[in-house]
Structures are given as structure tokens and as C-alpha cells.
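For the sequence shown, this note's numbering assigns the number 29 to the initial residue and increments by one for each residue that follows.
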Amino acid sequence: MKIKHLVLTTITALISAAQLANAGDLSGINRIDRPLRPIIKPPIYSCGIDPAAARIDFEVLSRTTQWRGRVRVTATVKNVGRQDYVSRAGQQTALLYSDRTLVARRDFINLAVGQAFTFSYDRDWDSSSPAEGEFPPNYRLIVTYDPDIYLDSNPRNDDCSNANNDRSRSGADINGLLR
Ligand SMILES: [Ca+2]
Ligand SMILES: [Ca+2]
């Protein structure tokens, strides 16, 4: 009888221990003891032929008062890839929008590795006005292509990343220059 009781007690204890271990495992407490996965930063994506909407810059050209002046919005398109962009006229263009209004555009043809071009839009700005100071427009630079750019039998004008062809910057940063 004693042996049978001991065996039963032992089995019960083992089952309880196993349940506790399982409960502990699910509680999340034990997870702290596990090695944490290192946070791996994704590599900076760089592909072959890659014109990109690289920058939007603001500058004050002249000032009439502390708050008002003439400003320039400059857009920069750059081939940030590892191969030259070689195309034909009329197949690619860069557009600069102020909110939904197209304010400047520049057609381009070829863009060597690392080569950039800029184009700009000048306007009056009043940082004390509602239209500019309180609700400044958003500027947006877009690199666009003919719909058939990937089907034109010229692989040298196939942008390998469309993720970097669209860049925005708030005109609020112009208010920072006219203060
Ligand atoms: Ca691109
Ligand atoms: Ca093509």
C-alpha cells in the first residue's frame, strides 16, 4: 500500500510540475530568459538604375518685411543607383506640386550614376497670413514615366525602385525661414 501510495504521489507531483512548467512557459515570464532577437536594421536599399526624388529645398530670395518675402522651392532629382539611366526624350519627367496644383516640371532624358538636376518654383510668401503661415501648402516632387517604360525594349530606362520617386515636404519649413 505504501509503495502504491508513493508511486501515485510521485506521479501526481510530476504532473503538477509539468503543468507548472507549461503555465510558466505560457505566462511570458520565462520568455525574458530566452535570448532576445537582435534588431537588424534593413540594409540601405540600392539597386541598379534608380532616378529618385532626392530633395526639396526652400530658400528666401528677398524679404520685404520680417514675415514676407520671395521664396524659392527647389526640387532635386538624382540617380541614386549603380547604373546609368539611358532613355529617349518624352519618356520621363519630374513634377513639382503645391498641394494638388502642378507648379513646375522638368523633362529629362539621361541621368548618369550620381548625376542630379534641379528645377525650381518662385513665389511670394507671407508667414503671418492664414494661407501660408497657418495652413502652408505641402510640396511634392514626383518622378514619373511613360506607362510603357518597362515594355519599350530598352532595359536601361527601367527604374529599379519606384519607392523613392515621390517625396513631400511641408511649406511649414518656409515659415521657419521667415521669422
Ligand atoms: Ca527610383
Ligand atoms: Ca524600358
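Here a beta-carbon is modelled for each residue, glycine too, at the ideal position from N, C-alpha and C.
Specify the secondary structure class of Asp-201 as computed by DSSP and reduced to three states.
helix
Own chain residues within Cβ distance below 6 Å of Asn-192, not counting five before or after
Ala-80
Buried or exposed, going by whether 16 or more other CB atoms sit within 10 Å of the CB of Glu-87?
exposed
Quick check: what's the CA-CA separation for Phe-145 versus Val-105?
6 Å
Between the C-alpha atoms of Asp-180 and Asn-203, what's the straight-line distance to the nearest angstrom?
44 Å
Measuring from each Cβ to the nearest heavy atom of ligand 2, keep the ones under 6 Å and list them in chain order.
Ile-177, Tyr-178, Asp-180, Asn-182, Pro-183, Asn-185 and Asp-186
Can you tell me whether Asp-187 is buried or exposed? The criterion is at least 16 other CB atoms within 10 Å of its CB, across all chains shown.
buried
Can you tell me whether DSSP reads Ala-144 as helix, strand or coil?
strand
With distances taken from CA atoms, which of Asp-85, Asp-201 and Leu-169 is nearest Phe-163?
Asp-201
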